[in-house]
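A short write-up of the structure that comes next.
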Amino acid sequence: MTLRITTWNINSVRLRFELVARFVRETRPDILCLQEIKCRDEFFPLEGFRELGFEHIAICGQAGYHGVATLSKLPLEPLPRQSFCGTEEARHLGAKIALPSGGTLAVHNIYVPAGGDIPDPELNPKFKQKLAYLAALAKWERGWTDDANAVLVGDFNVAPLETDVWSHKQLLKVVSHTPVEVEALTKVREDGRWVDLVRKVIPPEEKVYSWWSYRARDWAASDRGRRLDHIWGSAAMAERTRAVSVLKDARGWPGPSDHVPVTLEFER
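First residue of the sequence shown? That's 1 in the UniProt record's numbering, and the numbers climb one at a time after it.
Written out as structure tokens, the structure reads:
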């Protein structure tokens, strides 16, 4: 028996609620982590998600920007929120979810700053903020051991591997794949003793993308994607991992997000 956890930068939950509903009906995730919900808590479509089977919901919203939400079909207990870089931006949401087999799963849902267009912290405050966020995340005292069940999921806004982008050489100076960002995200993973669960299932030699720019005239034909959305886990969760899927077709749905859902199936 398995459970499914999905991460998806939905780019406005109210605007794209019907897309989420379609995905939920077709894929049936047990835990759904959304980023860029772009609304305050009181405007989140709670009733709609409850009708989809998510009785347990935690929200960290913000008017018009950022925001994350974690929805679960299993009992959920909120955990303390973290800012990581000293701002009040809604970029992190922790929750402890009760597993049917006993024990709990700590789910940390994050939205790392995108970083703007210029990969220079001296010229671009957004890029400086992004590097500060990743540095703080690397120093984060996680609060659990490797044998506990924990995941860090979300839009990390960094594609770390050469096979996580359509062209490694052409994107070396493009925000999301610059060496300084890759180094910073690698430090987060290594210092936190996280396992990249997507790459545990899909070999690192294989191309995988979860984001395609709105600027592309024909995103499917050009296929100039990047893997910005991640699911990392503790050593215990790596042992439980059974399958991973990236729903590329969702990028072609009417009025899509520029990100697609990434789903991990794990032993319950």
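Idealized CB from N, CA, C, for every residue including glycine.
Residue nearest to residue i in terms of C-alpha spacing, selected from the options
i, options, result
"E51", "V244, A21, L228", "A21"
"Q73", "P29, R91, P45", "The residue you asked about is not Gln; residue 73 is Lys in the sequence shown. Out of P29, R91, P45, P29 has the C-alpha closest to the C-alpha of K73."
"R189", "P160, V246, Q170", "P160"
"R215", "T241, S257, R227, K200", "S257"
"H56", "K38, E77, E42", "E77"
"L33", "S167, V262, R81", "Note that residue 33 is Cys in the sequence shown, not Leu. The residue with the shortest Cα to Cα distance from C33 is V262."
"R199", "L171, G143, D229, A106", "D229"
"residue 307", "P204, I118, D249", "Absent from the structure is residue 307, since the part of the chain shown begins at 1 and ends at 268."
Exposed unless 16 or more other CB atoms sit within 10 angstroms - verdict on residue i
i, result
"H108", "buried"
"E141", "exposed"
"T241", "buried"
"P100", "exposed"
"K139", "exposed"
"Q129", "buried"
Sub-9 Å separation of residue i and residue j beta-carbons
i, j, result
"K238", "L185", "Note on identity: in this sequence residue 238 is Ala, with Lys being the wrong assignment. No, they are not a contact pair."
"A187", "A132", "Reading off the sequence shown, one finds Lys at residue 187, where the question assumed Ala. Result no, Cβ atoms of K187 and A132 do not sit closer than 9 Å."
"residue 339", "A98", "In the structure as shown, the chain starts at 1 and stops at 268, and residue 339 therefore has no counterpart that could be examined."
"F44", "V24", "no"
"G255", "L15", "yes"
Cβ separation of residue i and residue j, assumed to be a contact under 8 Å, to the nearest whole Å
i, j, result
"L19", "W253", "6 Å"
"V175", "G233", "In fact, because the Cβ distance is near 26 Å, the residues do not count as touching under 8 Å."
"N149", "G103", "6 Å"
"A243", "E265", "4 Å"
"L93", "C60", "4 Å"
Short CB-CB distance (under 9 Å) between residue i and chain B
i, result
"S245", "The structure shown contains no chain B; it is built from a single protein chain."
Does the region 1 to 9 touch the region 143 to 157, meaning 3 or more C-beta pairs lie closer than 8 Å? yes
Report yes or no: do three or more beta-carbon pairs, one from the region 65 to 82 and one from the region 103 to 118, lie closer than 8 Å? yes
Across the region 223 to 230 and the region 199 to 211, are there enough close Cβ pairs to call them in contact, namely three or more that are closer than 8 Å? yes
Taking one C-beta from the region 71 to 91 and one from the region 116 to 123 each time, how about it: are there three or more such pairs within less than 8 Å? no
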